[in-house]
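Here is the structure we will look at.
2 protein chains.
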Amino acid sequence: MQIIDGKLIAEEIKNELATEVKRLKEQNLKIPYLVAIIVGNDPASETYVAGKVKACEQIGFRSTEIRLSEDTGEKLLLEKIIQLNEDEEVDGLIVQLPLPKHISPEKVIETIDYRKDVDGFHPVNTGRMMLNLPSYIAATPFGIIELLKRYHIETEGRRCAVLGRSNIVGTPVSILMSRKAYPGNATVTLCHSKTRNIKEITLQSDIIIAAIGSPGFLTGDMVKDGAVVIDVGIHRIADPTKKSGFRLTGDVKYDEVAPKCSYISPVPGGVGLMTVVSLLKNTLIASKKEIYG
Amino acid sequence: MQIIDGKLIAEEIKNELATEVKRLKEQNLKIPYLVAIIVGNDPASETYVAGKVKACEQIGFRSTEIRLSEDTGEKLLLEKIIQLNEDEEVDGLIVQLPLPKHISPEKVIETIDYRKDVDGFHPVNTGRMMLNLPSYIAATPFGIIELLKRYHIETEGRRCAVLGRSNIVGTPVSILMSRKAYPGNATVTLCHSKTRNIKEITLQSDIIIAAIGSPGFLTGDMVKDGAVVIDVGIHRIADPTKKSGFRLTGDVKYDEVAPKCSYISPVPGGVGLMTVVSLLKNTLIASKKEIYG
Numbered sequence: 001m002q003i004i005d006g007k008l009i010a011e012e013i014k015n016e017l018a019t020e021v022k023r024l025k026e027q028n029l030k031i032p033y034l035v036a037i038i039v040g041n042d043p044a045s046e047t048y049v050a051g052k053v054k055a056c057e058q059i060g061f062r063s064t065e066i067r068l069s070e071d072t073g074e075k076l077l078l079e080k081i082i083q084l085n086e087d088e089e090v091d092g093l094i095v096q097l098p099l100p101k102h103i104s105p106e107k108v109i110e111t112i113d114y115r116k117d118v119d120g121f122h123p124v125n126t127g128r129m130m131l132n133l134p135s136y137i138a139a140t141p142f143g144i145i146e147l148l149k150r151y152h153i154e155t156e157g158r159r160c161a162v163l164g165r166s167n168i169v170g171t172p173v174s175i176l177m178s179r180k181a182y183p184g185n186a187t188v189t190l191c192h193s194k195t196r197n198i199k200e201i202t203l204q205s206d207i208i209i210a211a212i213g214s215p216g217f218l219t220g221d222m223v224k225d226g227a228v229v230i231d232v233g234i235h236r237i238a239d240p241t242k243k244s245g246f247r248l249t250g251d252v253k254y255d256e257v258a259p260k261c262s263y264i265s266p267v268p269g270g271v272g273l274m275t276v277v278s279l280l281k282n283t284l285i286a287s288k289k290e291i292y293g
Numbered sequence: 001m002q003i004i005d006g007k008l009i010a011e012e013i014k015n016e017l018a019t020e021v022k023r024l025k026e027q028n029l030k031i032p033y034l035v036a037i038i039v040g041n042d043p044a045s046e047t048y049v050a051g052k053v054k055a056c057e058q059i060g061f062r063s064t065e066i067r068l069s070e071d072t073g074e075k076l077l078l079e080k081i082i083q084l085n086e087d088e089e090v091d092g093l094i095v096q097l098p099l100p101k102h103i104s105p106e107k108v109i110e111t112i113d114y115r116k117d118v119d120g121f122h123p124v125n126t127g128r129m130m131l132n133l134p135s136y137i138a139a140t141p142f143g144i145i146e147l148l149k150r151y152h153i154e155t156e157g158r159r160c161a162v163l164g165r166s167n168i169v170g171t172p173v174s175i176l177m178s179r180k181a182y183p184g185n186a187t188v189t190l191c192h193s194k195t196r197n198i199k200e201i202t203l204q205s206d207i208i209i210a211a212i213g214s215p216g217f218l219t220g221d222m223v224k225d226g227a228v229v230i231d232v233g234i235h236r237i238a239d240p241t242k243k244s245g246f247r248l249t250g251d252v253k254y255d256e257v258a259p260k261c262s263y264i265s266p267v268p269g270g271v272g273l274m275t276v277v278s279l280l281k282n283t284l285i286a287s288k289k290e291i292y293g
């Protein structure tokens, strides 16, 4: 059994990106520039955005965090987005979710210029992904694919169960794993809350991507020997033995499942650490205008 | 075994649309208007476009066929599209595929205003479909979903095999069958050229959608008793006993498979007849600005 080390791979990619920034600087070329908007004071959102900005600094990208108060009107936010769309210096533009209830996240996402949508949430990007055209891939699916690639895991012709059909993980990763590419070319079954007898499906699967949002959902008896398991869940479980009062766990009962696997991504230390580097990679792609010219 | 009668359902929908046009006329409201562009003289394309225009006439829609010569430059075609995008009278705009080799179909599709893209090929529409937002659904997936709906076929929690991962049929229908809706909520396995042991998967499936593009691919031994089979294939097979010299057949070996089915859509007479009415329905939706306001 080999652990898929998200921390190691994320560091590897950050180093590659830092090298690329150094090269761009030497050649006096444009340095990638990410702008992140945060509305309100949700502590988790603040942590995420701070992590993104810090990662930009580490590798030498330009970045700006724009903080807007909780009571910011939708109209003002959309105007701000349009202004940043038109700013040629800005390569990538993200708005941290969730938003306050009086603001429509759909409207916000569709207002961001799809050419700067480095979160990969705009319909043009999801649509082009479905059509197997170049696009920005959302952070988590991108991270999953990148981990499979960097560990040279064979996917062609293998049975793959994706557990969970969310817009940001399950559905897009099921498309990516199905399409004609590497990683891809797998035979994917997309499972969700209406699926009956999930165990029958997971037992037939060579690769299981668990993104169902239920702690410890995938148990040892649901996994066949030699399977590859990618755990996308991330849950805080109260744990008085920890200084923080909690520990992190995924959608997989790790102790039971890991011994059966050929490869497994742990929580923490797996997919979660890949999401920020995915964003950085998309921002570099945007800066170089590799997709939309 | 019940035959899913595409001709009957297509007529039913056409009647509904004709009634709606009558109502619009009585109330002096806008009549839906479809413009179809055809480049070159491909006989199959000419037949298809003529069929679409004729169907518009039958139900009372306005329609125009614009014929451009084979040597039309890409730039000229794109300018024509932009002009029709800006024409407020035009509700739906389609460009018949395939196009001559010197014209990029992607560029053409992405130039059509997604609000007029009643073929449902624009990334904004495929992307919104993936995100389970209202959008124009492409003709064949739309037709399949409509047939399942009109025959009240249960899909929730049922195992569904989609054979073929094309951009215009297999991949979108796999998403539609998976998503939280009716028809939908099925557990879908998307099979394709790299899938091993397809028979194992089809034998577990309650619903099989065959869109793999191989005549008679789905044989009797691959189907379990009581399955629902939708045949999307359409192939011309030489047949000297026919006046035309050929007969039409699908991806399903009908004689073997039909006796085992609870429902089956035949070829001809099934899904194929639904595609034009899907286009008409999308044009009506466009005219009423139901999706994009």
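Chains as they are written, first to last, in the working numbering: chain A, 1 to 293; chain B, 1 to 293.
Virtual Cβ for every residue (Gly too), placed ideally from N, Cα, C.
When you compare only the Cα positions, how much space is there between Val173 of chain B and Leu147 of chain B?
13 Å
Closer than 9 Å between beta carbons: that is the criterion. Which residues of the region 144 to 169 of chain B meet it against chain A?
Glu156, Gly157, Arg158, Arg159, Arg165 and Asn167
Are Arg159 of chain A and Gln96 of chain A touching if we call contact CB-CB under 8 Å?
no
CB contact flag (Asp231 of chain A, Val267 of chain A, <8 Å)
yes
For the region 47 to 63 of chain A, list every residue whose C-beta sits within 8 Å of some C-beta in chain B, in sequence order.
none
How many angstroms separate the CA atom of Cys56 of chain A from the CA atom of Leu8 of chain A?
18 Å
Output needed for Val108 of chain B: all residues of its chain with C-beta closer than 6 Å, excluding positions within five of it in sequence on either side, in chain order.
Val95
Hey, out of A:Lys242, A:Asn85 and A:Thr219, whose CA is closest to Lys253 of chain A's CA?
Answer by Cα proximity: A:Thr219.
Helix, strand or coil at Asp255 of chain B [DSSP, three-state]
helix
As a quick exercise: from A:Gly143, A:Ile201, A:Asp113 and A:Ala139, pick the residue whose alpha carbon is nearest that of Tyr292 of chain A.
A:Asp113
Of all Cβ atoms in chain B, is any one closer than 8 Å to the Cβ of Ser69 of chain A?
no
Could you tell me which whole beta strand (DSSP E) segments of length 3 or greater appear in the region 112 to 183 of chain B?
159 to 163
Whole beta strand (DSSP E) elements within the region 22 to 73 of chain B, 3-residue minimum:
33 to 39 and 62 to 68
For chain A, find out if any of its Cβ atoms is closer than 8 Å to the Cβ of Leu131 of chain B; answer yes or no.
yes
Ignoring anything shorter than 4 residues, give me the alpha helix (DSSP H) runs that lie fully in the region 218 to 288 of chain A, in order along the chain.
254 to 257 and 274 to 287
Which first and last residues belong to the alpha helix (DSSP H) in which Ile198 of chain A is found?
Ile198 to Leu203
Could you compute how far the alpha carbon of Lys54 of chain A sits from the alpha carbon of Asp225 of chain A?
40 Å
Tell me which same chain residues have a C-beta within less than 6 Å of the C-beta of Lys260 of chain B, skipping the five on either side of it?
Val223 and Asp225
Give me the Cα-Cα distance between Arg115 of chain A and Gly60 of chain A, rounded to the nearest whole angstrom.
22 Å
Whole-angstrom Cβ separation of Val229 of chain B and Ile264 of chain B, contact assumed at under 8 Å?
5 Å
Pairwise C-alpha distance: Gly250 of chain A and Tyr48 of chain A
18 Å
Could you check which residue in B:Leu273, B:Ile285, B:Thr241 and B:Leu284 has the C-alpha nearest to that of Ala10 of chain B?
B:Leu273
With DSSP run on the structure shown, which of helix, strand or coil describes Val108 of chain B?
helix
Under a three-way DSSP split, which group does Leu97 of chain B fall into?
coil
Against chain B, does Gly300 of chain A count as a neighbour if the rule is that its beta carbon must be under 8 Å from one of theirs?
In the structure as shown, chain A begins at 1 and stops at 293. Residue 300 of chain A is therefore absent and cannot be evaluated.
Kindly list, in the order they appear in chain B, the residues whose Cβ is closer than 7 Å to that of Asn185 of chain A.
Lys194
Just verifying my parser: in three-state terms, what is the DSSP assignment at Ala186 of chain A?
coil
Contact residues within the region 85 to 117 of chain A, judged by C-beta distance below 8 Å to chain B:
Glu106
What is the DSSP secondary structure of Gly6 of chain B, reduced to helix, strand or coil?
Residue state, collapsed to three classes: helix.
So Ala211 of chain B is in the beta strand (DSSP E); what residue range does that whole segment cover?
Taken as a continuous stretch (DSSP letters only), Ala211 of chain B belongs to no beta strand (DSSP E), as it is neither H nor E.
When you compare the CB positions of Leu131 of chain B and Gly92 of chain B, do they come within less than 8 Å of one another, or not?
no
Could you work out which residue in A:Leu284, A:Asp255, A:Val277 and A:Arg236 is closest to Ala44 of chain A when comparing CA atoms only?
It is A:Arg236 whose Cα lies nearest to the Cα of Ala44 of chain A.
Separation of Thr155 of chain B from Arg196 of chain A, as counted between CA atoms
12 Å
In whole angstroms, give me the CA-to-CA distance for Lys80 of chain B and Met129 of chain B.
27 Å
Contact set for Glu89 of chain A: own chain, Cβ-Cβ below 7 Å, skip 5 residues either direction:
Tyr33
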